[in-house]
Structures are given as structure tokens and as C-alpha cells.
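Engineer: Those sequence lines, one after another, are chains A and B. Quick note on this note's numbering: the first sequence kicks off at 3 and runs consecutively. Quick note on this note's numbering: the second sequence kicks off at 336 and runs consecutively. Here it is: the structure, laid out below.
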Amino acid sequence: MNTKHPAIEMRGITKSFPGVKALKNVSFSAHCGEVHALAGENGAGKSTLMKILSGIYRPDGGSVVVNGEERHFTHPLAAIRAGIAVIYQEFSLLPERTVAQNIFLGREPTRRGLIDHKAMNDEARRALALFGSAHRIEPSTVVADLDVASQQLVEIAKAVSLEAKVIVMDEPTAALNEAECEVLFGLVDTLKKSGVAIVYITHRMPEITRLANRVTVLKDGEVAVRFDHVPEPEAIVRAMVGRDLGDFYAEPAAPQEIGDVVLSVHNAGNERLKNVSFELRAGEIVGFSGLQGAGRVALAQAIFGLSPFTEGEITLSGKPARFTSPREAIRAGVGLLPGDRKAEALVLMQSVVDNGMLTSRALSGLSGNANATPFVSAEAMEKLLRELDVRAGSFAQDIKALSGGNQQKAIVARWLALAPRLLIFIEPTRGIDVNAKAGIYHLMRDLARKGTAIMMVSSDLPEVLGVSDRVLVMRNGELVAAFSRGASEADVMLAATGEEAVAA
Amino acid sequence: MNKATLLRRPAWRMEQCAPALLLGLAVLIYVAIALSLGLTRFLTPEATVSILNRSVALGITAVGQTFTILVGSIDLSVAHLISASAVVSSAIMNGDPAMMVPAVVAVLVMGAVVGTLNGLLITRLDVNPLIATLGMALIIQGCLASFYGRFDGSVPDAFQYFAYGEVLGLPVSLIVLALLVLGAWIVLRFTRFGSNIYSVGGNRDTARAAGINTTRVVMASHIICSLCAALAGLYLASRLKSGSPWIGTEGAYDLESIAVVVIGGTILSGGKGGIWGTVAGVIIFSLIDSIFNLAGIDAFAKQVMRGIIIVAAVAFYAVRSKRIVA
Chain A
3 MNTKHPAIEM
13 RGITKSFPGV
23 KALKNVSFSA
33 HCGEVHALAG
43 ENGAGKSTLM
53 KILSGIYRPD
63 GGSVVVNGEE
73 RHFTHPLAAI
83 RAGIAVIYQE
93 FSLLPERTVA
103 QNIFLGREPT
113 RRGLIDHKAM
123 NDEARRALAL
133 FGSAHRIEPS
143 TVVADLDVAS
153 QQLVEIAKAV
163 SLEAKVIVMD
173 EPTAALNEAE
183 CEVLFGLVDT
193 LKKSGVAIVY
203 ITHRMPEITR
213 LANRVTVLKD
223 GEVAVRFDHV
233 PEPEAIVRAM
243 VGRDLGDFYA
253 EPAAPQEIGD
263 VVLSVHNAGN
273 ERLKNVSFEL
283 RAGEIVGFSG
293 LQGAGRVALA
303 QAIFGLSPFT
313 EGEITLSGKP
323 ARFTSPREAI
333 RAGVGLLPGD
343 RKAEALVLMQ
353 SVVDNGMLTS
363 RALSGLSGNA
373 NATPFVSAEA
383 MEKLLRELDV
393 RAGSFAQDIK
403 ALSGGNQQKA
413 IVARWLALAP
423 RLLIFIEPTR
433 GIDVNAKAGI
443 YHLMRDLARK
453 GTAIMMVSSD
463 LPEVLGVSDR
473 VLVMRNGELV
483 AAFSRGASEA
493 DVMLAATGEE
503 AVAA
Chain B
336 MNKATLLRRP
346 AWRMEQCAPA
356 LLLGLAVLIY
366 VAIALSLGLT
376 RFLTPEATVS
386 ILNRSVALGI
396 TAVGQTFTIL
406 VGSIDLSVAH
416 LISASAVVSS
426 AIMNGDPAMM
436 VPAVVAVLVM
446 GAVVGTLNGL
456 LITRLDVNPL
466 IATLGMALII
476 QGCLASFYGR
486 FDGSVPDAFQ
496 YFAYGEVLGL
506 PVSLIVLALL
516 VLGAWIVLRF
526 TRFGSNIYSV
536 GGNRDTARAA
546 GINTTRVVMA
556 SHIICSLCAA
566 LAGLYLASRL
576 KSGSPWIGTE
586 GAYDLESIAV
596 VVIGGTILSG
606 GKGGIWGTVA
616 GVIIFSLIDS
626 IFNLAGIDAF
636 AKQVMRGIII
646 VAAVAFYAVR
656 SKRIVA
């Protein structure tokens, strides 16, 4: 469609990580003045592909061509010099430095060898002015003092001020409200007109329809389909999921499967939470939705005693349950699967069995035998791991070698050994590939069928809607809306961003 | 339409002025004790200069340590490097004023070599900074122990000008320290290199992704730190007329330099803090000494109090910054 060279072209890219083949023979290109949307489930390989483009990872096979010239980036700086700027999902801002210092990180304007703070602030102000006067951010503000949306805008200003020819935006609207999204879309249009090639990563269909010229869908590290025009959203979704939605998520709970109240929280709060009231019943999965920082994780941590409630009435199966430490919560029958497996859930250098037995051993007192706790023996743990279909060469091998899905199942086994009444999942499928995701969803449903109450905190909206029997939405530390099964993405997003008052 | 205002009022950043508050508190206690004991002669400008002058070696070392801690590293080899510098400089000079320049050059080269080795171990071999510099400390100590005895010299009188000389009524050593602090401030605040130190210390991956040569920044910070330690060794040789191989460890310059940097509000993980905090930390330390001398408290109790003050200061910062995040 375009006779001149694409701004960037990636040919036959292959990349493996220990235990996972992240990308298989992926080709991708973007021309000047177009928005090429890159869609796909979490873990489909979008971020890995972009990290190769920006020189952070080196591909195992394939080539990167910039303006018709094959390039081998060995350092991110090489990619930046070639005019490629990436705005990552996890922000790469330094919280203790000012907005201007972040925008000019590593390339501060100097005069006679010294940094020209005034010029730097002025330039930063000019870059930020692109967002219109309503969004003025003072360049000398320390980034930690900004809210998440402002931080996102600083990230974009940084890319714009680099005068990049190719800008990659990795789910840029994840933390923005609707008005802020409109500003961003306007900015994307402006950039497009000025001849910048934009790679726009998202899984939100309205954004693709609004912005994209072309769409590529990745699935399990491969190009599932490429559209040279923007198709119906359904076609994209089908390609992303790669199967019928019907059996991807487990059947919801039937009314008779939902039992007594397990957890009751009444007017509870702490410094991050205000006046939260809800109930969780045996046999149901309740999804908690909201933007980053809306208080969902804070709520889970408060229930689990990590950052306790300071007020309110909380009961677990009728007994008072305002826990002040995880140990207390676990003893009472609450389990929590953290969102960041590597940092918070796993002891990476220990075996799969050891990881499974971690909590059982912790609670079994000093007299117990490490391989035969009152809760589970090492043999029983191995049996449990097999039942959950944890795939490992041997359960004696280090857990770090397992794929994300198998690691997650091993953590589920850790909690099952204690037969909890309430299990809290935070981002249960983050970094897990699509087929393993379905396995986790069905596992969660099986647990619920056996009478466990399940609280799920997830930023993946289709997942929340597909898995949950009920959806509660949080904003600014408060519960703002409740939906029964069958709510639409738009309903939940509106409640989460607070664009419209939604009755709870 | 747009209800969410993006301009949030900056939170009051208490931790930035906390070192100044602590310093003020220390000064207040000192003045109060001096007044209550009727010892007004300890409140004159001369007394102030003498308090400051007592911490020149610690101050010089701490300026260097500020660089390594800000970049997210640490240097435990400074105390032994100070001993080595003092010994080597007095051995080379051996009372001969003509050898002053070669001795200073030799010591600074030695500092640069040690800093480079520390930096190489940390960046190229990926050795944890604590272990790398601890190993370096042991190596220096071992070399000193086996060579000492063959080198016992003393510095010429002319070299003692560094420690005892005065210009316009101010000690030369204090002026050198002040210039060093000023230089460090300019580097950290106004040069790209200084900015890179904060970035690498704040988040090494982010700095790398922004195109900063993180290896070079860490190396340079270690070289600066070792050069400062070498300078502190020269100062001690000048003050004590000759070097001894335990001069650095006796002064506990390794741990004390880290303590004053941390009391000054620079966080151990790097990326936040600055040279003025370190200056405040050094003055706080020497004020504590003076307060105990005035009050006549014995040396062991003094040591206990120092320990309590370090821990209390860091706990205070930790509590403050947690509240700000929340």
C-alpha cells in the first residue's frame, strides 16, 4: 500500500525465555503517518516484541529494519538514536526527580558544561503544553507528587520531546479517564499528521476503531491475523482469544450453588479505603474492578491483614475478623495470591514442593516435621500438585524454571493445603499465556464449587466480566458500583473512571 | 467535563529539610549545655571553627561516600585506603620536601586505581558492592601489614601546612573541605554526570533505557569516592606527621562516613539525597562529640549515643516518607 520504506519493519522475529517461547516468527511493520494497532491478550507477546524493537531484548532470530536499513540494537540508546521511543506500561519515571529531569533524562540541555535548569524547564513546559492548558503540569514538580494520569502524560511528553519517528504506546489509556483519553487521542492524531509512525498496543476495541489504520493481532507469540483496514471488533476479539468465549471461561455459579455469607465487611476503612461495605458468599467469585490505585489491592491487603483496616466491622463466618497480620488471617482461613508472583509469592530458588509447603510449614509450629505438617505432608503436597496438573520435570526442581501458569497453580496448591474459606486472587493471570489462563479460570470455579468464597482483583476487564458472578467497582478507595453477571465493559469503565454517576 | 484536576498540590516534603532540623536541634542542645554550664568560651567563632576542623577527615571521606551511595552502591574500603594513603605518602616523602608532589600524585593514582577496581568488580563482574569493597578493604589491609615496617617515613614540616596552616584566620584544611563540598554540589546539581548519578541510583534499568551508560557512571562515582579517601589519608598524614596502617580503621571512617551520609537524608538504596545533607550529618556528628565533651560524658556512653542517634534518624526518615507515600 505504501511504496516507500516502512519506518520500521520487523521480520521473522523469534525469542525464547527459559521455559517459554515468547515469540515465533513474528513480522510487523509501521509506516510514517499511520497508527498500527497491536492487539492481543496479556502474555501474547506484545511487550516482548516492543522490547526487541527498542533494544532492551535481543531477538534469537529475525531482523529489525529501520528506514530500509537493517539494524542490530545492542543498547536502548541505539534505538532511541534511530528515532524509536517506547512508552511502557510500567512507567519508567524516576519518582524522586522532577518532571523536567525525567523528560530530559540522560540528555539534559547544558550551557558551558553545566545543566541549564531554566532551559530544561522551559523545554519541558513546551512539550507539556501540547496537552492543552487544562493539563498543565509544572516542570519542577517531583514526579512522586503527581497522580498516575499526569505521570502518563509526562511519559508521552518525554517521547514527543525526543522527536521520535516511531512512537510505541503500550496500553497508554490504562490509567486515564475518558476526558484524558480524548486528549491523548487528539495527540495521537496530531503526531500521525506530522508523519510519526505510531504503534498502539491495546486490547480495547473502541480505541482501535477510533485510531488505527491497520491492526495486527498476536496470540501465543504468533501473528494470529493482520487487517489492512479496521474490521468489526468481533473479528479482532475472535482472533485474540482464538476460540469460543464459551469454554474459555468456566460456567458461572447457579443460584443454588451460592451459600452462606463468608466474609462481611461493614463501613470499613483505613488510610486508603473509605466506608467499604460488601459481603462475599461461599461458592461465588466476586471480581473487583477499577483503575490503578483505586484501592482494590489495598482492600485485599486490608482483609488479609497486610495493611489492616482501622475502622469498621469485619466478620468471617460470623466471627470478628479485623486481622492485623497475615498470620492471623491465614489461621482464620483466608488465603491471598499476590499480583506479582516473582516478588511476593515465590521463593524462586526453592523447589516446587517447598513452595507449595511454605505456608503449611510456617503455621505448623516449632515441633512439627518439615515434611509432615499438621496440614499436609510432602507426599500429599505432591499428590495435590499432580491433581492441579502442575507441569514440571520434577517437583524437586526449582520453581523458577516453571511457566507462569504452573507457578500460579503451585501457589493455589499452597493454599488448598490449608482448606481456606476465602481465597483472594490478585491479577491471577498476569503474564500467563492464553491456554493456561483458561486452566486457572476453571480451577477458580472448581474451588468455588467446593464452597470457597473467591475474591478476584484484576485489571483485565474481559477477565473480570468473564469469570465473576458479581463485579464490584472501586474508585478512590470507595466501592462505587456493583454489577451482577452480564454487565458490559462500558458500564464498568464508566463506573471506574467516574465519568457518570452510577448507582450502586 | 474534566473533573479530575491533574495539578495536585505538592505534598510537603518533610524529608528534604529533616537533616537541617536535626542539625538545628544539635546546635540548640550544644548552645543550651554551654550556656547552662556557663562555658561561653565554647560559643565563640574560634570554637565553631575548631568543632568543624575536628571533622575534616570524616568530611572529606563522606563527600566521596555520598557519590557511591547516591549511585546505589557503597564503599567499605575507604578506611583502609585512608591508612594506605597516609602510610604511602609519608614513606615516599620521608621528610624530604622535594618529594611532596610525587607523593601526592602517587597517592591520588593509588586512589584512582582502587576506585577503578571497585567499580570494575561491581559493574563488570556483578559483585555486590558490599562484598566487592569489603574484599578490597581486606586486600589493602593485607598489603599494608606485609609492607609496613619497610616504609616508615614522616612528612616534612612544609606538608603539615595542609593540616595546620591558616589563610585569613581559617584553617587550610577546612577551606579544602569547603571547596570539595562546593565542587561536589556543582557536579551533582549542575552537570549531566551528576544528574546521571541520581538516575542510575533511582532505577538502573530506567537509566539504561534512557541511554545512560550506567557502567561508566558507577565507575566514576567509585573513583571519586576513592580519590576523596586518598585525600583524607593525605590530610591525616599531614596532621599526625606520619602515617600508620591503622589510622583509617581506628577512626572507623568506613562506617562513620556511611552513617553521616545516611543521617544527612541520602537513602541507602540510592537516587535521593545530596551533599548538603552529608555536610549536616558531619556537623551533627562533631557537635555530638562536642556536646559530650562539654557535659563530661565518657567515651563509651558517647559511642552508645551515636549508635542510637543513627538508628533514630533513619527510622525517623522511614516513618516520614511512608506517611508521604500513603
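No residue lacks a Cβ here, since even glycine has one placed at the ideal position from N, Cα and C. If you're wondering where the values come from, they're calculated on a predicted model, not measured in any experiment.
1) Compute the Euclidean distance between the alpha carbons of P277(B) and A438(B), then round it to the nearest angstrom.
2) Closest Cβ-Cβ distance between G571(A) and chain B: below 9 Å?
3) Any beta carbon from chain B within less than 9 Å of L107(A)'s own beta carbon?
4) What would DSSP say about V646(B), mapped onto helix, strand or coil?
5) When the Cα of G358(A) is compared with those of L348(A), T317(A) and V239(A), which residue comes out closest?
6) Name, going along the chain, the residues of the stretch 539–561 of chain B whose beta-carbon falls closer than 9 Å to a beta-carbon of chain A.
7) Nearest to A364(A) by CA position, among E259(A), F377(A) and F19(A), is which residue?
8) By a C-beta neighbour count over all protein chains shown, 10 Å radius and 16 as the cutoff for buried, is K221(A) buried or exposed?
9) Return yes when the Cβ of A241(A) is within less than 9 Å of the Cβ of A41(A), no when it is not.
10) Are A421(A) and G341(A) closer than 9 Å when you measure CB to CB?
11) Within a Cβ cutoff of 8 Å, which residues of the same chain sit near N269(A), ignoring the five residues on either side of it in sequence?
12) Tell me, please, whether the CB atom of P340(A) is closer than 9 Å to any CB atom in chain B?
13) Do the stretch 220–235 of chain A and the stretch 54–68 of chain A touch if we need at least three Cβ pairs shorter than 8 Å?
14) Using a beta-carbon distance cut-off of less than 9 Å, what residues from the stretch 507–533 of chain B approach chain A?
15) Between L301(A) and chain B, is the shortest Cβ-Cβ distance under 9 Å, so that the two count as touching?
16) Taking only three categories from DSSP, how would you classify W347(B)?
17) Please give me, in chain order, every unbroken run of the beta strand (DSSP E) with length at least 3 that falls completely inside the stretch 257–329 of chain A.
18) Which residues in the same chain have their Cβ closer than 8 Å to the Cβ of L445(A), if we skip the five residues on either side of it in sequence?
19) Can you tell me whether DSSP reads A433(B) as helix, strand or coil?
20) Once the 5 residues before and after A542(B) are set aside, which same chain residues still bring their CB inside 6 Å of it?
21) Candidates N123(A), L116(A) and G115(A): which alpha carbon is nearest N104(A)'s?
22) Would G606(B) count as contacting chain A if we go by Cβ distances under 9 Å?
23) Taking only beta-carbon atoms, is G287(B) less than 9 Å away from chain A?
24) Suppose the cutoff is 7 Å on Cβ atoms and the five residues either side in sequence are ignored; what does the same chain contact list for S18(A) look like?
25) Which chain B residues sit within Cβ distance under 7 Å of L79(A)?
26) Is there at least one Cβ from chain B nearer than 9 Å to I316(A)'s Cβ?
27) What does a CB cutoff of less than 7 Å around R658(B) pick up in its chain, not counting 5 residues either side in sequence?
28) What in chain B is Cβ-close to G320(A), meaning under 9 Å?
29) Strictly below 9 Å CB to CB, what residues from chain B border L463(A)?
30) Which ranges does the alpha helix (DSSP H) cover as unbroken runs of at least 4 residues, wholly within the stretch 377–451 of chain B, from first to last along the chain?
31) For I632(B), count the other beta carbons within 10 Å of its own beta carbon; 16 or more makes it buried, fewer makes it exposed. Which is it?
32) List the endpoints of the continuous alpha helix (DSSP H) containing I593(B).
33) When the cut-off is 9 Å and only beta carbons count, does R127(A) lie next to chain B?
34) What do you reckon, are the CB atoms on S29(A) and M52(A) nearer than 9 Å?
35) Could you say which of A497(A), L425(A), V37(A) and P8(A) lies nearest to V201(A) if we only look at CA atoms?
36) Less than 6 Å between C-beta atoms, sequence neighbours within five positions excluded: which residues of the same chain meet that for L469(B)?
Structural biologist: If we stick to the structure as given:
1) Lying before the first or after the last residue shown, residue 277(B) is absent from chain B, which here runs from 336 to 661.
2) Here chain A covers residues 3 to 506 and nothing more, so residue 571(A) does not appear.
3) yes
4) helix
5) L348(A)
6) D540, T541, A542, R543, A544, A545, G546, I547 and N548
7) F377(A)
8) buried
9) yes
10) no
11) N277, V278, S279, E313, G314 and E315
12) no
13) no
14) I521, R524, F525, T526, R527, G529, S530, N531 and Y533
15) no
16) Here the model assigns W347(B) a pLDDT of 49, short of 50, so the residue's position is not dependable and the matter cannot be decided.
17) 263–272, 275–283, 287–291 and 313–318
18) L390, K411 and V414
19) helix
20) S534, V535 and T549
21) N123(A)
22) yes
23) Residue coverage of chain B in this structure runs from 336 to 661, which leaves residue 287(B) outside it and unanswerable.
24) A24 and D62
25) G546
26) no
27) Caution is warranted here: a pLDDT of 43 is assigned to R658(B), below 50, making its placement in the model unreliable, and no coordinate value can be reported.
28) Those do not exist, as G320(A) stays about 32 Å from chain B at its closest Cβ, beyond 9 Å.
29) Chain B residues near L463(A): none, gap ~20 Å exceeds 9 Å.
30) 380–388, 391–405 and 413–428
31) exposed
32) Y588 to I598
33) no
34) no
35) V37(A)
36) L411
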